[in-house]
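Chemist: Pasting a structure below so you can have a look.
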Amino acid sequence: MDIEEFRKAGYQAIDRICDYFYSLGDRNVLSKVEPGYLRKALPAQAPEEGENFDKIADDFKDLILPGITHWQHPSFFAYFPTASTPEGILGDLYASSVSNPGFNWICSPACTELEAVVMDWAAKLFGLSDAFLNTSGVGGGVLQTTASESGLTAVVAARARYLTTHPDVPLEKLVLYVTTQTHSLGNKAALILGLQYRTLDVTVDDNYGLRAKSFKQALEEDKAAGKHPFMLIATVGSTSIGAIDHVSEVGEVARQYDLWLHVDAAWAGVVLACPEYRGMCQLEGINTYAHSFCLNFHKWGLVNFDASAMWIRDRKLLTDALDITPTYLRTKEADEGTVIDYRNWQLPLGRRFRSLKVWFVLRSFGLNGFREHIRKGIALSKKFNALVESSPQFEIVTPPSITLTVFRLLPSTDSGVDKSDTEAVNQLNQMYQRRLHAADLFLTQTDVNKMFSIRLVIGSTRTEEEHIQRAFEIMVREIGPTIEEWKKRRETS
0 MDIEEFRKAG
10 YQAIDRICDY
20 FYSLGDRNVL
30 SKVEPGYLRK
40 ALPAQAPEEG
50 ENFDKIADDF
60 KDLILPGITH
70 WQHPSFFAYF
80 PTASTPEGIL
90 GDLYASSVSN
100 PGFNWICSPA
110 CTELEAVVMD
120 WAAKLFGLSD
130 AFLNTSGVGG
140 GVLQTTASES
150 GLTAVVAARA
160 RYLTTHPDVP
170 LEKLVLYVTT
180 QTHSLGNKAA
190 LILGLQYRTL
200 DVTVDDNYGL
210 RAKSFKQALE
220 EDKAAGKHPF
230 MLIATVGSTS
240 IGAIDHVSEV
250 GEVARQYDLW
260 LHVDAAWAGV
270 VLACPEYRGM
280 CQLEGINTYA
290 HSFCLNFHKW
300 GLVNFDASAM
310 WIRDRKLLTD
320 ALDITPTYLR
330 TKEADEGTVI
340 DYRNWQLPLG
350 RRFRSLKVWF
360 VLRSFGLNGF
370 REHIRKGIAL
380 SKKFNALVES
390 SPQFEIVTPP
400 SITLTVFRLL
410 PSTDSGVDKS
420 DTEAVNQLNQ
430 MYQRRLHAAD
440 LFLTQTDVNK
450 MFSIRLVIGS
460 TRTEEEHIQR
470 AFEIMVREIG
480 PTIEEWKKRR
490 ETS
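Each residue of the sequence shown is one higher than the last, beginning at 0 in numbering that gives the first Met the number 0.
Written as structure tokens, this is what we have:
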């Protein structure tokens, strides 16, 4: 493909992407294909000779799009939202045009310098302490791929920090702390690094947030058993139910015991852009106690995947753990200490020019536009909660968290389901969720104290009040058929 052919194909691609966005509301949220559909449609090996690009682009439309679950659909309410904005797409396009691995400053100075600037912009948007600014010369921000990579990077740094001051402690004695609400990234990091981890119970009485008392008790138990606590991963907005740990409380305990505190706010962290929610989302505790902090722009933050923002209070703790500089990677600027080499702030060597799309988004929306997007989602969630609360057929299982509602269907007296029979109610709700999916309402599930519960999350830029109303109408419509299906299955079992 020469430059003029690229120009033509590029115009066609933008036109088709625009057509796709216009048609989103008319598409099914969930793909209707069967497993293995694409292998049947494609040849067993790549072509020996190059094909016409028009045919390739047509195959994207005819073969790939049917197998896409449309995360940007206005009625997508599963998992957490994933951002896709025109500004972010264009940022990715421009970044691809100057493709470079970005592992040190000299690779392309703008890649490093723009990232340092936009991470400071973002830190100020979210109210983070000046200690987390790149301009502080001590702390700073870096863009990782996902919150899982941010968490793993923090664990590597925390482990190195502890072993530096405790060189005689065997690796297998180290203990990482998570809770029953922490994302699996904590357990996975421990698995990858060969570390022990302890999962702390959190209770409904504390709204499933970790408190100082139970954390301290666990530390004392483990220390008495000869173990070495070195890190806690706290959560602001858990994946399951949106739980928020009491960061100031547990942060004070972590400080007393000299533990690294990493705060994972992958989904909920962008809410910090709105000052009225900073207390709820523990900003004071983050600013006072966190060694590292993470949120994902690519969830609710208007920036296309991937763009996970991580801040560190002391960058030297990262570079001490991750800086390996063979001769061929040395540069005059790095030796003089006048630049950041972001390869030493992450696990891989190479990296994408992610800051460009963050820059495009923040400039195009502006800080007020960003806040309006967040507030719109919260307002829509409140409308949905009011609808659910108005119906005796539903129960909100845990207090709604920002834009996440966890609910379940309550069996009516004539349904033949005993409300006290947890297993039966769970089976009914599993059947109900399958019917909702068949009706093209995509909601994911969770387990709350052994109760099968359904999650609905709002955050797409295209979601409006009409889509919330439609979702609720489908929920109500599918109750009767679910009960009938339940009764038939009971009769034949």
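Glycine included, each C-beta is placed from N, C-alpha and C at the ideal position.
Looking at Leu-366 and Ile-467, is the spacing between their C-beta atoms short of 8 Å?
Modeler: Taking 8 Å as the Cβ cut-off, Ile-467 and Leu-366 do not qualify as a contacting pair.
Chemist: If you follow the alpha helix (DSSP H) that Val-235 is part of, which residue opens it and which one closes it?
Modeler: Where Val-235 is concerned, there is no enclosing alpha helix (DSSP H), given that its DSSP letter is neither H nor E.
Chemist: Smallest Cα separation from Ala-122: which of Val-269, Ser-239 and Met-450?
Modeler: Looking at the Cα atoms, Val-269 is the closest of the given residues.
Chemist: Take Gly-49 and list the residues in its own chain whose beta-carbon comes closer than 6 Å to its own, dropping the five residues that flank it on each side.
Modeler: Correct list: empty, nothing qualifies.
Chemist: Compute the distance between the beta-carbons of Met-450 and Trp-485, then report whether it is under 8 Å.
Modeler: For Met-450 and Trp-485, no; Cβs fall outside 8 Å.
Chemist: What runs of the alpha helix (DSSP H), each 4 residues or longer, lie entirely inside the stretch 158–230?
Modeler: Within the stretch 158–230, the complete alpha helix (DSSP H) runs of at least 4 residues are 184–192 and 211–223.
Chemist: Three-state secondary structure (DSSP) at Ser-452?
Modeler: Reduced to three states, the DSSP call for Ser-452 is strand.
Chemist: Judging by CA-CA distance, which residue of Val-117, Glu-464 and Ala-153 is the nearest neighbour of Leu-260?
Modeler: Comparing Cα-Cα distances from Leu-260 to each of Val-117, Glu-464 and Ala-153, the minimum goes to Ala-153.
Chemist: Grab the span of the beta strand (DSSP E) containing Pro-398 for me, first residue to last.
Modeler: Per DSSP, Pro-398 belongs to the beta strand (DSSP E) from 393–400.
Chemist: Does Ser-307 pass the burial test, meaning 16 or more other C-beta atoms within 10 Å, or should it be called exposed?
Modeler: Label assigned to Ser-307: buried.
Chemist: Short check: CB of Lys-356 to CB of Ala-94, under 8 Å?
Modeler: Result yes, Cβ atoms of Lys-356 and Ala-94 sit closer than 8 Å.
Chemist: Tell me the rounded alpha-carbon separation between Asp-14 and Leu-92.
Modeler: Cα to Cα, Asp-14 sits roughly 15 Å from Leu-92.
Chemist: Between which residues of its own chain and Pro-513 is the CB-CB distance below 8 Å, once the five residues before and five after are set aside?
Modeler: Any answer about residue 513 is impossible in this case: the structure gives the chain only from 0 up to 492.
Chemist: Which residues does DSSP pair with Gln-444 in a beta bridge?
Modeler: Ile-453, per the DSSP bridge assignment.
Chemist: Determine whether the beta carbon atoms of Val-117 and Ser-354 lie at a separation below 8 Å.
Modeler: Yes, these two residues count as a Cβ contact at 8 Å.
Chemist: Would you mind giving the Cβ-Cβ distance between Phe-471 and Phe-383, rounded to the nearest angstrom? I have them listed as a contact below 8 Å.
Modeler: That pair is a contact at about 7 Å.
Chemist: Where do the N-terminal and C-terminal ends of the alpha helix (DSSP H) with Ala-385 fall, by residue?
Modeler: Here the alpha helix (DSSP H) through Ala-385 covers 354–388.
Chemist: Pull up the distance between the alpha-carbon of Gln-143 and that of Pro-347, whole angstroms please.
Modeler: Roughly 10 Å separates the two Cα atoms.
Chemist: Do Trp-299 and Phe-79 have their CB atoms nearer than 8 Å?
Modeler: Taking 8 Å as the Cβ cut-off, Trp-299 and Phe-79 qualify as a contacting pair.
Chemist: Ile-401 and Gly-496 - do their beta-carbons sit closer together than 8 Å?
Modeler: In the structure as shown, the chain starts at 0 and stops at 492, and residue 496 therefore has no counterpart that could be examined.
Chemist: Report the rounded CA-to-CA distance for Val-174 versus Thr-397, giving the unit in angstroms.
Modeler: Rounded to the nearest angstrom, the two C-alpha atoms are 30 Å apart.
Chemist: In this structure, does DSSP put Cys-293 in helix, strand or coil?
Modeler: Looking at Cys-293 - three-state DSSP - the assignment turns out to be strand.
Chemist: Return the first residue and the last residue of the alpha helix (DSSP H) that His-466 is part of.
Modeler: His-466 -> alpha helix (DSSP H) spans 464–476.
Chemist: Of the residues Phe-20, Asn-343, Arg-362 and His-245, which one's Cα is nearest the Cα of Gly-208?
Modeler: Taking only the C-alpha atoms, the option nearest Gly-208 is His-245.
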